[in-house]
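Enquirer: Provided herewith is a single structure, encoded as structure tokens, for subsequent inquiry.
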Amino acid sequence: MAFVESLSKTASVFVFGFVVLHCFVVDKFRSHAQGVTPLLPQEEEESFGKHTKKNGSKICAKYWVKIESFDHVHVIYPKKEGSSKVNLCRSISPINSYADRREIMICFTVQILQTISDKLKNNNWTTIDRTSCSSAQWKLYISDPPKNDRIQSNVTCDCTFENNTVCHVISFKLKGFNLTGVLPVEFRNLTQLREIDLSRNYLNGSIPGSLAELPNLQRLSLLANRLSGSIPREIGSFATLKSLVLEDNLLGGSLHPDLGNLKSLERLLLSANNFSGTIPDTFGNLKNLNDFRIDGSELSGKIPDFIGNWTNITTLDLQGTSMEGPIPSTISLLKKLTTLRISDLKGSSSTFPNLKDMTNMKKLILRNCSMTGSIPEYLGNMAVLDTLDLSFNKLTGQIPGPLESLTDIKFMFLNNNLLTGDVPAWILGSRKDLNLVASHVSTGSNKISWCLNKDLVCTRKPQCKQLMILILRSTHHSLFINCGGSRETVGDNEYEDDTTAGGAADFASISERWGYSSTGTYIGTDDGAYKATNTYGLNVTGEGFYQTARLAPQSLKYYGLCMLAGSYKVQLHFAEIMYSNNQTFSSLGRRIFDISIQGKVVETNFNIMEEAGGVGVGIGIAKVYDGIIVNGSTLEIHLYWSGKGTTAVPDRGVYGPLISAITVTPNFKVDNGGGLSVGAIIGIVAASCVLAALVLLVLRKKGYLGGKDLEDKELRALDLQTGYFSLRQIKHATNNFDPANKIGEGGFGPVYKGMLSDGSVIAVKQLSAKSKQGNREFVNEIGMISALQHPHLVKLYGCCIEGNQLLLVYEYLENNSLARALFGRDEHQIKLDWQTRKKILLGIAKGLAYLHEESRLKIVHRDIKATNVLLDKDLNAKISDFGLAKLDEEENTHISTRIAGTIGYMAPEYAMRGYLTDKADVYSFGVVVLEIVSGKSNTNYRPKEEFVYLLDWAYVLQEQGNLLELVDPSLGSNYSKIEALRMLNLALLCTNPSPTLRPSMSSAVKMLEGKIPVQAPIVKRSTMNPDARFKAFELLSHDSQTHVSNGSESSQIQKSISMDGPWIDSEFSIESKDEIIDSSSSKLLKDLYDVNLD
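Rendered as structure tokens:
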């Protein structure tokens, strides 16, 4: 107590508040104490010796300090060492200025800093003196300041305390100096510290709980050290802590619930440690978090629902844990997310999470999360998205068309899913640096399709190099690859070079014996390496190929191509050459990945350093896997990073699977000679092929193989891009066209549901081959549709031409037609909410825009209506029935001699004068828009006797300013009035009687998306009486039918009012020898509506 009272009296006399002195004097005082006369009598010394700090720390028991004057301090040692009067600070007499007084305070702080420096084993600071605070920041470098912020050595002071009379250290940074010491408890004596950054060192030991005694600490970063133990529960008492960065250490144990008390915390980075258990429920209190990362840990349990509390979060990383799915629905509340990385979830399958409102997303990685269902179209609204990785899931369906709007996209990884359909044209034609990996999709090219199905990467210009031919020539029985290195001879074997730059792109070697697939992007950098060299000069003895390696950020696959069937020995060679072997943070990296061969996992959590006994121990390692069976012709070696290990040591982008060389040798005897020459083999094969072709030709001529009608010149001239089906296949799929499998009746024949032998469900359209018109229609369909690929067009799988059978095989659409969904029988109707109707409308518009403007062949459909719009299982719209399509032939307009369409949907100029442009489809689209918004059929709905049809009523409501009366009453109030008015005005704009005033379909898409305004003209109805108008439309219909009968005796009027089948329609077809059709009804047309453009 005497000491405390004495210190208090001193503080009251001297304004400087020396009460801050917390037993901070260190070993350095010993040197100052030599030869100085003892200050205190024995009893006073004993008095000091008995006094102890309340926590009983050793430093308090060892040294004591008492102020005698401004330039002297008294140091009292234990009795055996005596006591001394020590002149620590330079004499200041007299004390007049604030600067002098600050220097006195710094004198004590210097000793604390020196102690901290010593315990960190920091040999880089040569001078710490009382004048250091004369600048805002102490620049304490060994030599010149570094050129980047990875190496920092400075201490920041704040000298504004107590009316600019007191300096305190507020920031302590020693980054990148490979310090080998421990974390000093003396940090607690720097009571005004706001930041401690000791990143990228070699510190060991544990995190002292005493750090929690710093009442003002806001940022603590211990990234990339070798700290162990658990996070002390005391850390949870920080009231001010905003950033806690503990990535890339050896910390373990469970996360203490008290960490959930850090309510000011904004950044919590715990990745690449050994934490176990679950994320505590108390973490739900961390509502200020904007960055949370816990990749590569052993945390288990489900992803907690409380992440929905983190509404300020922008970065969420949960890669490579042992956690289970599904991703909780509360993730939809995190609308500020810009980076979301979740991978390798355990547990059962789940659907794609709702991320619709995350429009600021830049990087979206949901890899190996057991997700099912289709890829959401709303991803196309993430305008700044540059990386999309949905690989290794169970996603089905096609690549959504709206992804085309992702103008910033650089990387898209969709490999190892169950996707079907075609790679969209916008991907294959992209000029961006876009890499796509897709499985089970096709591009209309056999070679590219083979690449994709073998999981090779297809870039915007796929390079498959005739691998389809190679698969038929399985001749290789060994493989030697120097991964990432140049050609090298080892013994009798020559290892082929593998020196391409790499990245997320495919590669097939010059010899076409092998290829590789590298996928993924590095976290936190765009400059990660794909080839490695022995940067640190490690003493790795052995073969030369251990000096280089190939690596990938996520997945690296090597393929042995055209291998002979049999058993092989596979040797994989590894050497860790990217981490140093000295006591620096560069040696702390942990590379962990899995290895599979032929689809079977052979190594889990494989760590090269552990296998070799440490970094640079002197030799590379070879893992041998014997008895590997190749049944087909391809050997697959897969190295996969599941999010484990470090990601920032020695730098970002140095992690992921790495391999030095591959050796594959056969376990069977290889016949290397004594047989036929290569020339003889080629001759025999060629002769056999010719003979087989002749036999097949004779059989086909005889009709045994079918296909005689292929000799028809119209069919023979087609450059088909579809598959061929045999009649036998189709009969088996449809149970010999069983009426029970009939799902509709189209304009040219019935439609059947079928199932192929592989389980694929198809729709078979059976066309009549008896009429010339039917044959011509068939030629049109297979010639045109086979060249068209778009998410909103019904996919044509192939065709069959045998005997008198003309068959088209389409994808099967589960929800039938839009007409049936909207106004079919009650049991067939689907309740379409407002968002679904919007999606359907936008899909139809994009499909038509593709036909009119984006496809190589400019197509006018000519029969757009609700029955020709089909809906898949997710209610995505797809346009069908291109049998009535007409090539625009790159002419702006032309007069059609063959009119095809449906009453109520046909544009007036086309119906009356055969004048056909793409604006005819725009008119039909406008009618469909009205039907979707109103839920009523244009031709069958008449609200009052005086209205001819739905469009007529819409004009009346527009004049009355009451368009919203058209909205389907079943929607109630669950729709957007603004969006409804936009759609209805668009419908009236598209159905303008003047084709030149109708928008293009690409403009219609933008209007639907709200990107450009809709300005619908006022169309005034004629004053003619309703009966006359109705008769006019009856006459129009009658005239059309008359032209059918007069123009072609073989033409048939085909009508149906059923809504049960996807290819069912009510249509008429006109074929006339006259180029201009004269009709009495055309004279009535101009009297129906007057257009007012004012």
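In this text, residue positions in the sequence shown follow my numbering: the first is 805, and each later residue adds one. Backbone N, C-alpha and C define an ideal beta-carbon position, used for all residues, glycine too. Predicted, not measured: the structure shown is a model, and the values here were computed from it.
When we look at the beta-carbon of A1369 and count the other beta-carbons within 10 Å, is it buried (16 or more) or exposed?
Expert: Counting Cβ neighbours within 10 Å, A1369 comes out exposed, since fewer than 16 surround it.
Enquirer: Quick one: using the 10 Å Cβ neighbour count with 16 as the cut-off for buried, is S1777 buried or exposed?
Expert: The residue in question, S1777, is exposed, as its Cβ has fewer than 16 Cβ neighbours within 10 Å.
Enquirer: Among L987, V914 and L1679, which residue has its Cα nearest to the Cα of C961?
Expert: Taking only the C-alpha atoms, the option nearest C961 is V914.
Enquirer: Do S1290 and T1303 come within 8 Å of each other at the CB atom, strictly closer than that value?
Expert: Yes, they are a contact pair.
Enquirer: I need the straight-line Cα distance from C1604 to I1668, nearest angstrom please.
Expert: Rounded to whole angstroms, C1604 to I1668 spans 26 Å at the Cα level.
Enquirer: Measuring CA to CA, which of R1145, Q1387 and S1437 is closest to S1282?
Expert: The candidate whose alpha carbon is nearest that of S1282 is S1437.
Enquirer: Name the two residues that bound the continuous alpha helix (DSSP H) containing A1653.
Expert: Element bounds for A1653: W1638 to A1653.
Enquirer: For L1360, I'd like the list of residues in its chain whose CB is within less than 6 Å of its CB, leaving aside the five on either flank, ordered along the chain.
Expert: Answer for L1360: S1322, L1443 and P1461, listed in chain order.
Enquirer: If the criterion is Cβ atoms closer than 8 Å, does the pair G1056 and S1034 meet it?
Expert: Going by C-beta atoms, G1056 is nearer than 8 Å to S1034.
Enquirer: Taking 8 Å as the threshold (C-beta atoms), are S1178 and D1678 in contact?
Expert: Yes. Within cutoff.
Enquirer: For the stretch 1446-1473, which segments carrying the beta strand (DSSP E) assignment without a break, of at least 3 residues, lie completely within its bounds, in sequence order?
Expert: With a minimum length of 3 residues, the continuous beta strand (DSSP E) runs that stay inside the stretch 1446-1473 are 1465-1470.
Enquirer: Where does the unbroken alpha helix (DSSP H) through F1397 begin, and where does it stop?
Expert: Where F1397 is concerned, there is no enclosing alpha helix (DSSP H), although the beta strand (DSSP E) it sits in stretches over I1396 to I1401.
Enquirer: Between the C-alpha atoms of S975 and N1172, what's the straight-line distance to the nearest angstrom?
Expert: Straight-line Cα distance between these residues: approximately 42 Å.
Enquirer: From this set, G1563, G1651, G1647 and I1644, which residue's C-alpha is nearest Y1616's C-alpha?
Expert: For the residues G1563, G1651, G1647 and I1644, the minimum Cα distance to Y1616 belongs to G1563.
Enquirer: Tell me where the beta strand (DSSP E) around G1177 begins and ends.
Expert: It spans M1175 to S1178 - the beta strand (DSSP E) in which G1177 sits, taken as one unbroken run.
Enquirer: In angstroms with no decimal places, state the Cα-to-Cα distance between P1061 and F991.
Expert: Using only the alpha carbons, I get a separation of about 25 Å.
Enquirer: According to DSSP, is T1438 part of a helix, a strand, or is it coil?
Expert: Coil at T1438, not helix or strand.
Enquirer: Of the residues C1287, L1755, S1371 and Y1326, which one's Cα is nearest the Cα of T1352?
Expert: The shortest C-alpha separation from T1352 is found at C1287.
Enquirer: Going by C-alpha to C-alpha distance, which of Q1402, H1632 and S1728 sits closest to Q1362?
Expert: For the sequence presented, residue 1362 should be read as Tyr rather than Gln. Residue Q1402 is the option with its Cα nearest to Y1362.
Enquirer: Tell whether a beta-carbon distance below 8 Å holds between T1224 and T1191.
Expert: No, the Cβ-Cβ distance between T1224 and T1191 is not below 8 Å.
Enquirer: So, is Q1123 buried or exposed, given that buried needs 16 or more other C-beta atoms within 10 angstroms?
Expert: The residue in question, Q1123, is buried, as its Cβ has 16 or more Cβ neighbours within 10 Å.
Enquirer: To which residues of the same chain is G1447 closer than 6 Å at the C-beta, ignoring the five residues directly before and after it?
Expert: Same-chain partners within the cutoff: D1099, G1100, Q1123, G1124, S1147 and D1148.
Enquirer: Here's a check: name, in chain order, each residue in its chain whose Cβ is nearer than 6 Å to the Cβ of G1393, leaving out the five neighbours to either side.
Expert: Hits under 6 Å: Y1383, T1450 and V1453.
Enquirer: With DSSP collapsed to three states, give me the class of K1106.
Expert: Strand, per DSSP.
Enquirer: Go to G1730, then tell me how far its alpha helix (DSSP H) extends in each direction, as first and last residue.
Expert: That run of the alpha helix (DSSP H) goes K1723 to S1738.
Enquirer: Please list, in chain order, all residues of the same chain as E1038 whose beta carbon is under 7 Å from its beta carbon, the five residues on each side excluded.
Expert: Only G1013 and A1016 meet the Cβ criterion.
Enquirer: Could you check which residue in I1381, G1364, T1329 and S1371 has the C-alpha nearest to that of T1337?
Expert: Of I1381, G1364, T1329 and S1371, the residue nearest in Cα terms is I1381.
Enquirer: Which one or two residues does DSSP pair with A1960 in a beta bridge?
Expert: Any question about residue 1960 goes unanswered here, given that the chain covers just 805 to 1898.
Enquirer: What would DSSP say about T1279, mapped onto helix, strand or coil?
Expert: Coil at T1279, not helix or strand.
Enquirer: Would T1211 be called buried (16 or more neighbouring beta carbons within 10 Å of its own) or exposed?
Expert: It is exposed - the Cβ of T1211 has fewer than 16 other Cβ atoms within 10 Å.
Enquirer: Pull up the DSSP beta-bridge partners for F1410, would you.
Expert: For F1410, which the question treats as bridged, DSSP gives the partners F1397.
Enquirer: Taking just the CA atoms, how far does S1174 sit from I1441?
Expert: Cα-Cα distance, rounded: 22 Å.
Enquirer: Going along the chain, which residues of its own chain have a beta-carbon closer than 6 Å to the beta-carbon of I1000, five neighbours each way excluded?
Expert: So the qualifying residues of the chain are F976 and L1024.
Enquirer: Any idea what DSSP makes of L1045, helix, strand or coil?
Expert: Note: L1045 maps to coil in three-state DSSP.
Enquirer: Contact check, H1596 vs A1681 under 8 Å by CB: the rounded distance?
Expert: Going by Cβ atoms, the distance from H1596 to A1681 rounds to 6 Å, so yes, they are a contact pair.
Enquirer: May I ask which residues mark the beginning and end of the alpha helix (DSSP H) holding R1071?
Expert: Where R1071 is concerned, there is no enclosing alpha helix (DSSP H), although the beta strand (DSSP E) it sits in stretches over R1071 to L1073.
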